Structures are given as structure tokens and as C-alpha cells.
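These notes are about the structure you will find just below.
In my numbering, the protein residues as written are 174 to 305.
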């Protein structure tokens with residue numbers, strides 16, 4: 174389960190609290206709840222992730238998580254969350270298994286922008302992994 178240093182997140186995300194929405198995002202992705210995960214994003218949201226084309230909108234985001242993402246399962250451990258206005262930055266470690274069965278662990282940083290409706294309009298991900 175995704176958490177920030179022993180602070181479990183058991184509450185549902187209210188639309189007005191970007192940090193709680195971000196915590197809910199990790200909870201949904203770690204439990205495979207793609208439908209609820211996608212509902213956190215605006216209809217016209219943009220997701221930028223290294224190694225993939227830009228992903229636009231909820232439908233594309235759902236398709237990415239169901240069909241394209243190389244991760245089969247895993248958990249995010251959040252070590253730092255910083256929020257200012259409608260932007261949230263997250264640092265943590267992902268540990269899991271890829272679709273080919275390979276175990277993996279990587280530090281990551283995510284940046285979220287929240288629109289006036291409380292939905293994610295942008296997510297951008299970075300991984301701390303060696304370049305080729």
C-alpha cells in the first residue's frame with residue numbers, strides 16, 4: 174500500500190484536497206483499481222512518462238494501465254509529498270514485478286497539476302534508472 178512514512182491513507186479523496194487525491198491515486202494504482210484511478214484525471218488530462226508517447230485523456234490513460242504499462246503489480250512507498258496551490262510533487266520508491274516476471278525497484282518522482290474541478294490535468298513521471 175502506498176503511504177508516506179507510516180501515515181496510512183484510508184480516506185476517500187475529496188475533490189478539493191490535491192494531496193489526498195494524489196495519495197488516492199497511488200492506492201488505486203497499487204490495488205489495480207484502474208477505473209477509480211482514471212476518474213481522478215480530467216477528461217483532457219495529459220500524462221508524460223519516459224519511454225512512452227504522451228497519453229491524453231481518461232480513455233487513453235485507462236488503456237495504458239490495462240494494456241501497455243510494463244508493470245504487472247507492485248507498490249509505491251511515498252517518502253515525500255510537497256504541495257503548493259494546485260501542484261503536488263511526490264518522491265518515492267516503486268517495488269514490483271514487470272509483465273515478463275522480472276522483479277524491479279526504482280526511485281521515482283511524480284508531478285501532478287490539479288484543475289479548478291479538483292481533477293489531475295497533468296501528471297509527469299521521472300525514474301531514477303541508468304540511461305542506455
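C-beta atoms are modelled at their ideal positions from N, C-alpha and C, and glycine is treated no differently. None of these values were measured; they are calculated from a predicted model.
Mapping DSSP to helix, strand and coil, what is residue 193? Position 20 of the chain shown, counted from the start, is the residue given in the question as residue 193. For residue 193, the three-state secondary structure derived from DSSP is helix.
By Cβ distance below 6 Å, which residues in the same chain neighbour residue 253 in space, the five residues on each side in sequence not counted? Counted from its first residue, the chain shown places residue 253 at position 80. Correct list, in chain order: 264.
Handout entry: C-alpha distance - residue 233 paired with residue 194, whole-angstrom precision
Key = Locating residue 233 in the chain shown gives position 60, counting from the first residue. Locating residue 194 in the chain shown gives position 21, counting from the first residue. Answer to the nearest angstrom: the Cα atoms are 20 Å apart.
Closest residue to residue 250 among 196, 235, 257, 212 (Cα-Cα distance): By 1-based counting over the chain shown, the position of residue 250 is 77. Checked all of 196, 235, 257, 212; the closest Cα to residue 250 is 196.
Three or more C-beta pairs below 8 Å linking the segment 264 to 282 and the segment 215 to 225: no
Between residue 191 and residue 285, which are expected to be in contact by the criterion C-beta below 8 Å, what is the C-beta distance as a whole number of angstroms? The count along the chain shown starts at 1 and reaches residue 191 at position 18. The count along the chain shown starts at 1 and reaches residue 285 at position 112. Going by Cβ atoms, the distance from residue 191 to residue 285 rounds to 7 Å, so yes, they are a contact pair.
DSSP on residue 279, reduced to helix/strand/coil?
Position 106 of the chain shown, counted from the start, is the residue given in the question as residue 279. Three-state DSSP puts residue 279 in a strand.
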